[in-house]
Amino acid sequence: MEMLLMGLCMAFIGVAFTTIAFVAATRPMSSAPTVQPQLPVVKAATTAHFFSDNEAPSIPLRPLVPIEVLLQQIENHVRLEHAAAESFVAFPTQALLHSKTTSPFVN
Amino acid sequence: MVHELLKGLSSAEADQVLALGSRVAVPSGGSLFRLGDTADRLFLTERGRIRLTLPMLVRGREEDILIEEKSPGETVGWSALVPPYRFTLSATAPLETEVIALPREALCTYCEISPVVGYKIGLNLAVLVGQRLQLVQAMWLREMQRTVELQAASVGENR
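Those protein sequence lines, which keep their order, are chains B and W.
The opening position of the first sequence corresponds to residue 0 in numbering that gives the first Met the number 0, with each subsequent residue numbered one higher.
The opening position of the second sequence corresponds to residue 0 in numbering that gives the first Met the number 0, with each subsequent residue numbered one higher.
This is the structure we're talking about:
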């Protein structure tokens with residue numbers, strides 16, 4: 000009889016522990032009060048100078064010239080390239096073919 | 000004046016060819032032909048200047064970009080002798096200009112009747128076409144070279 004009671008008690012304790020463990024495991028996460036860690040505030044201005052605060056952007060932006068000026072630059076460029084091509088055709092060498100242009104349109 | 004298309008012809012032969020055409024006056028800023036127009040006449044520049052242009056989009060606007068400029072003695076519009084007989088450029092006069100317009104049919108008929116003259120005109124035409132090809136080829140290659148250099152530079156910057 001004692002053995003039977005002891006067995007029942009052990010079984011009851013086992014079931015109790017299993018139930019507690021199951022409830023703990025299946026408890027929804029949202030129910031737990033969470034505390035967000037405080038993130039350091041990043042100022043937007045600091046992203047513009049990622050590498051250094053003192054350096055200007057490496058690619059200088061060309062100011063937008065008026066379209067008449069741009070068209071004149073294109074025309075001058077064509078004339079210079081035409082002259083360079085004529086020099087090459089008159090005396091074909093690799094050096095003349097790849098001679099550097101002074102055209103401000105591409106420099 | 001010796002027209003480049005008529006080089007090697009005697010003055011009598013040149014006069015006969017020129018008599019096939021008619022003088023056309025183009026006012027300053029006027030158009031001689033537009034890209035895509037039917038090319039049934041060849042033009043010999045007598046006075047002034049002719050700008051040969053192609054359309055290009057510049058900042059969203061279509062602009063005529065100079066390709067070549069022709070002076071007195073030079074030939075304009077040899078598309079009139081090359082199929083499909085459509086102009087592949089536009090021609091305008093930046094100043095008061097005069098040209099001799101030679102109709103294709105009249106010129107071809109004359110060359111058939113006078114094959115020696117036709118041969119000389121054919122050779123002169125080959126020189127014009129060949130020069131244009133060589134010039135444009137060289138200009139194209141120079142632009143390609145620049146594009147390759149720019150690409151190499153941008154790859155180097157991104158590394």
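C-beta atoms are modelled at their ideal positions from N, C-alpha and C, and glycine is treated no differently.
Would the segment 35–52 of chain W and the segment 129–136 of chain W be scored as touching if the rule is three or more Cβ pairs under 8 Å?
These segments do not touch.
Of all the options B:Pro103, B:Ser98, B:Arg78 and B:Ser102, which has the alpha carbon lying nearest to the alpha carbon of W:Leu140?
When each option's Cα is compared against that of W:Leu140, the closest is B:Ser98.
Could you give the distance in angstroms between the alpha-carbon of W:Arg33 and the alpha-carbon of W:Glu62?
Approximately 13 Å, taken between the alpha carbons.
Residue-chain proximity (W:Leu34, chain B), Cβ-Cβ < 8 Å:
Interface criterion not met: the Cβ of W:Leu34 is under 8 Å from no Cβ in chain B.
Could you compute how far the alpha carbon of W:Ser30 sits from the alpha carbon of B:Phe87?
Roughly 32 Å separates the two Cα atoms.
From the DSSP output, in three-state form, read off W:Asp39 for me.
DSSP, reduced to helix, strand and coil, places W:Asp39 outside both helices and strands of the structure shown, so it counts as coil.
In the DSSP assignment, find the unbroken beta strand (DSSP E) run with W:Arg145 in it and report its ends.
Looking at the DSSP string, W:Arg145 is not in any beta strand (DSSP E); the run it does join, the alpha helix (DSSP H), is Pro114 to Asn157.
Could you round the C-beta distance between W:Arg85 and W:Leu41 to whole angstroms and report it? I think they count as a contact, below 8 Å.
That belief does not hold up - the Cβ atoms of W:Arg85 and W:Leu41 are roughly 14 Å apart, past 8 Å.
Near W:Ile120, what residues of its chain come up, given a Cβ to Cβ distance below 8 Å and the 5 sequence neighbours on each side ignored?
Once the five neighbours on either side are set aside, the close Cβ partners of W:Ile120 are Leu4, Leu5, Leu8, Val16, Leu106 and Cys110.
Under 8 Å between C-beta atoms of W:Ala38 and W:Ser78
Yes, these two residues count as a Cβ contact at 8 Å.
Name the two residues that bound the continuous beta strand (DSSP E) containing W:Ala24.
Boundaries of the beta strand (DSSP E) around W:Ala24: Ser21 to Val25.
Close-in-space but distant-in-sequence residues of the same chain around W:Val25 (CB under 6 Å, 5 per side omitted):
Non-local beta-carbon contacts of W:Val25 in its own chain, meaning distances under 6 Å to residues more than five positions away in sequence, involve Leu31, Ala92 and Thr96 in chain order.
Using only the alpha-carbon positions, how far apart do W:Ala152 and W:Met55 sit?
The alpha-carbon of W:Ala152 is positioned some 26 Å away from that of W:Met55.
Grab me the residues of B:Ala43's own chain with a C-beta within less than 7 Å of its C-beta, minus the 5 sequence neighbours each way, in chain order.
Here B:Ala43 scores only 49 on pLDDT, less than 50, and its place in the model is too uncertain to base an answer on.
Exposure label - B:Phe49; buried when at least 16 CB within 10 Å:
Residue confidence is low: B:Phe49 scores 49 on pLDDT, short of 50, so the model does not pin down where it sits. Its coordinate-derived value is still stated next. By the Cβ neighbour-count rule, B:Phe49 is exposed, with fewer than 16 other Cβ atoms within 10 Å of its own.
Under the three-state reduction of DSSP, which class applies to W:Val98: helix, strand or coil?
W:Val98 sits in a strand when the DSSP states are folded into three classes.
Any idea what DSSP makes of B:Thr100, helix, strand or coil?
Coil.
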